[in-house]
Structures are given as structure tokens and as C-alpha cells.
Amino acid sequence: MEKFIIKGKTKLTGEVSISGAKNAAIALLPAALLIDGVTTIENVPNISDVQICCKILKTLGAKVKWIESNTLRIDARDLDCTQAPLDMTSKFRASYYLLGALLGRCHKAEVGLPGGCNLGARPIDQHIKGFELLGASVDVTQGKIAAKVKKLVGTTIYFDVVSVGATINLILASVLAKRTTILTNVAKEPHIVDVANFLNSVGADIIGAGTDIIKINGVDKLVGNHTYSVVPDQIEAGTFMIAAAVSRGDILVKNCIPEHLDCLTAKLLEMGVSVDVYDDSIRVTCNKKLQASNVITLPYPGFPTDLQPQIGVALCLANGTSIISESIWDSRFQYTNELNKMGAQITVQGKTAVFEGVKGLTGAPIYSTDLRAAAALLIAAIVANGTSELYNIHYIDRGYEHIEDKFRALGANIERV
Ligand code: UD1
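With our numbering applied, the sequence shown has no gaps in its numbers, which climb one by one up to 420 at the end.
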């Protein structure tokens, strides 16, 4: 089992270039199955979630090939299977997108119940409700979901909760449906807009992505021979912005879309950090003690739950008492036990955590509990006094491309053993 050995205490300085968004890429790949043709997708992060997704697509009959280090070519003309292998889908949360894509293209899909990070209960009732409203019958038995339909017919679907996954899945299922589908109370995350832009670029008719209501006029066919580039990763950019602040460093975060990070920029400014925003980069500098602040996670454009553990590290070291309220996931504070081992003073009650700022953190053996927790703990280890060992780094490999190389280029001392 691999681990990182990290020697603190490093002030991070320099430039980092942000990769394509994980959460967009793992939706665009299944989306490519809707296209009766060949698609080239650039700026794809070569991370383990993408690698598993490529393997699954191949088992369904798609030809998938890396033609450059971050460019994938997907040929879905000869799709010949609608059953995704259970052992692969169970490792991979976003495998639920195969349901929407296969239902849309083949009118039939069988997918293992999705796995992924343990963040508490992760229901998919809104996905299922949506497929059923489009006319599909859906069966959940023996650890898998099977859906089939004669013809998907557009209708109005109101989501009871704002769900990224359900919004994307219903877009996938609706693009080739008869008539018009209207999705209301949808999520507005940047990768939802990216999926809609991608599908529109190959002939879909999706209006309103990025707002509360999305309208999808069904089309007969999506055409290939198109090249699309994945949106930069908002969460990776935010992770480096926070790392700059926590290490009292100076990082130019390049190749990002600053407006996707407005809420984090505002929060860092409130905490006394300097943030300079340019067209496609953000410079974060910090040379004084961070100020305490309160954070509540919310769907976009609110503060992302996927940056909650990372900002938690900043609040550990801030002057005064801070509170984080996690409104999306039930079990997203598992990382706080590890930070407490490093000298943090955090108490958790349900979905609220109170951070009493401490002067510094001390290196320790620490265990990643999920993808974003792993990123947070890596930042904590980089700024801590002494040496830390970070275990369960397969989590970080799921979602961050060349993470240790990027941090090393900023001055961190990290070894993978
Ligand atoms: C996506 C992201 C994940 C991020 C999350 C919230 C991907 C692959 N993952 O996850 O990194 O943490 O958005 O920004 O893009 N819910 C229901 N019923 C459903 C679906 C969701 O009750 O059918 C609830 C969930 O329990 C959760 C909330 O809605 O409380 C948001 O979940 P959702 O946006 O669907 O998360 P994911 O798409 O799984």
C-alpha cells in the first residue's frame, strides 16, 4: 500500500497549472456513449477514476484510447453491451451516469450500485424518479440497478433536492428522448454546464444549464468527429488557493476560471488573505495569521462541500473560533480526528464542527478517509512541524492529477513510498 512521507514545514511558492475537472471528465466519458461516432476529449485528467471509467466504457463495446497524455478518443459506434461490470462500477461513484447514457442510447442499462467515497448516505432516489418520469421501469435488486424503456418521452421533472448527479443523469437520459424535458430545481455546478456544452457541441439541444431550470429538446441523433476540452477543475484550483493561504505562501494558480471560485476568494479575503484575480489565473498570497471565519457548505454558487476539509485546515490555524456547517453530506468531518492527532482543536457535533485556532500543527501518522480529506491532510502535513506519514493515498489518486509533483514544484517535501 502506498503512502506519502511529508516533511514540513513548508511555505509554498511558485506557479501551478490546474488540470481538467475530475467531476466533469467522469460525466463527459459516459456522455460520449450517446454519440454514434468518434469524439475527442482534451484536457482529461489522467486520474484513477477516469482510468476505471475508460475500462468500463471498453467493456460496453466503446473503443477508448489515450492519443496524447490528456486527450482521449472515444468511438462509441459499436456499443454492444448495456451491462456495466459490477466489480468496476462499485469502485466508482459516478458509474451512475452510465444509467442515463445507456438508457438514452440503448434504452436499457444495468449498473452496479455506485461506490466511491464514504461521505454518509448517498441516495439516488432522484435519479430513479427522473428515469421513471421519462417512462423507464427501474429495478434495484441484488446490488444493481436495471432500467429499461421502449421509448423515453420528455416531461417535467422537479427534483426534491438539488443534486449534481441527478441533474447530469437526467440530461444524459433526455437528450435523445422524444419531445421536451424540463428539469427544475437543478444543480448549477460548472461541470453541469460543461456536460451541456459538450452535448450541444455534438448536436444536442440543451438550454439553461447553470440556471435553476434546464430545458432539453430531444434530438434524433448526436454526431461525432468533434473535439471538446474539459473545463478546469474548480476544486483542484481551490485546493491550491487554500494551500497558499495555510502555508503563508505565494501561489499563482494558472489555467482556472476565477468566477467558479468567487465564494472561496471571498472567504479567503475575509480571513485576511490577499487574492488577485486575473482572466484565467488567481494569485493567493498570505504573510500574516489567518482570521477565524464561519463556513456553510451549499450547492454552487455556495461554498463547495468538496473544499470543506481543505478550508478546515485553514480554520485550525486561524486566530479565534470558527464554525463549519456541512449541509450536503452526513459524514464529512472524519478528517478532523486526524487533524486533532496533529494538534488541532476541533469538536464535531453532527454536521457542525467548531475549530479553536491553534498556533501550529505537528507531524503525525494520518489516514485519509476520502478524496478531499486526503487533500486536506496533505496540506496539513506540508505546513506541520516535523514529518507526517499519510496513508490511504489511493483516495487522492482518484481525483488529483500528479498531486505530489505539483506540490513538490511549489517547494513541498513529499515522497511516495
Ligand atoms: C457530486 C460530486 C461530489 C460533491 C457533490 C456535492 C461528482 C461525481 N461528485 O456528488 O464530489 O461532493 O456533488 O457537490 O460530481 N441526494 C438525494 N437523492 C439523490 C441524489 C442526491 O437525497 O437522488 C442528496 C445527497 O444525499 C446529498 C445531496 O443530495 O445530500 C447532494 O448530492 P449530489 O449533488 O447528488 O452529489 P453527487 O452528485 O453524488
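For glycine and all other residues, C-beta sits at the position ideal for the given N, C-alpha and C.
For Val53, the three-state secondary structure derived from DSSP is helix.
For Lys292, same chain residues with a beta-carbon under 7 Å away, outside a window of 5 residues either side, are Asn322 in chain order. DSSP places His110 outside both helix and strand once states are collapsed to three, so it counts as coil. Per DSSP, reduced to three states, the secondary structure at Pro193 is helical.
Annotation: Ala356 to Thr16 spans about 30 Å, alpha carbon to alpha carbon. Residues Thr390, Asn416 of the same chain have their beta carbon placed closer than 6 Å to that of Lys10, with the five preceding and five following residues left out of the count.
When beta bridges are read from the DSSP output, Lys61 appears opposite no residue.
Going by DSSP, Gly17 is part of the beta strand (DSSP E) stretching over 16-20.
In the structure shown, Arg375 adopts helical secondary structure according to DSSP, grouped into three states. According to DSSP, residue pairing for Asn388 in a beta bridge involves Thr365.
Considered as a whole, the region 194-280 harbours 208-210, 216-220, 229-232, 253-257, 277-280 as its complete beta strand (DSSP E) runs of no fewer than 3 residues, in chain order. Under the three-state reduction of DSSP output, Val164 falls in the coil class, being neither helix nor strand.
In the DSSP assignment, Leu89 falls within the unbroken alpha helix (DSSP H) covering 89-92. The three-state secondary structure of Lys147, taken from DSSP, is strand.
Within the same chain, and ignoring the five residues on either side of Thr159 in sequence, the residues whose Cβ sits closer than 6 Å to its Cβ are Ile185. Beta-bridge pairing by DSSP links Arg419 to Phe7.
Under the three-pair Cβ rule at 8 Å, the region 27-35 counts as touching the region 193-208. Contact between the region 252-261 and the region 232-243 is established, with three or more Cβ pairs separated by less than 8 Å. Nearest neighbour of Ala190 by Cα position, chosen from Ser166, Gly206, Val47, Asn49, turns out to be Ser166. When DSSP states are grouped into helix, strand and coil, Gly23 belongs to the strand group.
About 20 Å separates the CB atoms of Glu404 and Pro33; that is not less than 8 Å, and the two are not in contact. In this structure Leu116 is not in contact with Ala139, their Cβ atoms being roughly 17 Å apart against a cut-off of 8 Å. For Ala87, the closest of Ala387, Ile77, Leu102, Asp78 by C-alpha to C-alpha distance is Leu102. Distances from the alpha-carbon of Leu380 to those of Val249, Val420, Ile326, Gly133 put Val249 closest. When C-beta atoms of the region 299-311 are compared with those of the region 328-335, three or more pairs fall below 8 Å, so the two segments count as touching.
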